[in-house]
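Worksheet for the structure shown next.
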Amino acid sequence: MNNNELIEQIKNPQTPLRNKIPLILDLAEQRNREIYPLILAALDSTEYAKVRGTLIYALANYPAKPLFEKAICWLIDGNFEMAHEAVGILDKIAKIEGTRADKAYAALTTALDNPANETWRVELLGEVLGMFE
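If you use my numbering, the sequence shown closes out at 516, no skipped numbers anywhere.
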């Protein structure tokens with residue numbers, strides 16, 4: 384199958400999720416431009432709720448800087464896998480400045496103060512806050 388046929392398979396609601404994920408990962412490894420927006424849309428879809436960490440893993444094949452704000456949100460609000468994959472994306476960003484950095488820093492420090500955070504999330508938040516120094 385060519386890439387267009389693979390993308391049509393992914394878009395097809397009749398294709399089982401277990402079959403879509405390997406296709407998404409394969410296309411992401413190729414840095415396919417057409418799958419990128421589909422991955423971002425899938426992250427908001429209930430169909431993909433249980434595999435969001437895998438989708439973020441797939442996004443790690445693309446430039447990290449455009450994903451900065453999303454990765455901050457995944458770190459703060461995502462499950463264990465999402466948060467860890469988000470840190471991997473953030474780690475690839477050499478430098479963020481200005482308002483983007485200020486807003487992210489404020490969100491991270493606020494999140495760090497949340498007493499409901501799990502230990503692993505506190506550690507990840509601290510690690511990412513250390514990147515701002």
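Ideal Cβ placement from N, Cα and C applies to all residues, glycine included. Since the structure is predicted, the reported quantities are computational estimates derived from the model, not experimental observations.
Our two residues, E506 and A466, have alpha carbons roughly 11 Å apart in a direct line.
Secondary structure in the stretch 440 to 475: no beta strand (DSSP E) run of 3 residues or longer lies completely within the stretch.
Cβ-Cβ distances below 7 Å link L389 to L406, L410 in the same chain, with the five nearest sequence neighbours on each side left out; the list follows chain order.
DSSP places E412 inside the alpha helix (DSSP H), whose first and last residues are 400 to 412. The Cβ atoms of L426 and R435 lie closer than 9 Å to each other. In the three-state reduction of the DSSP assignment, N385 falls in the coil class.
E468 counts as buried, since no fewer than 16 other beta carbons sit within 10 angstroms of its beta carbon.
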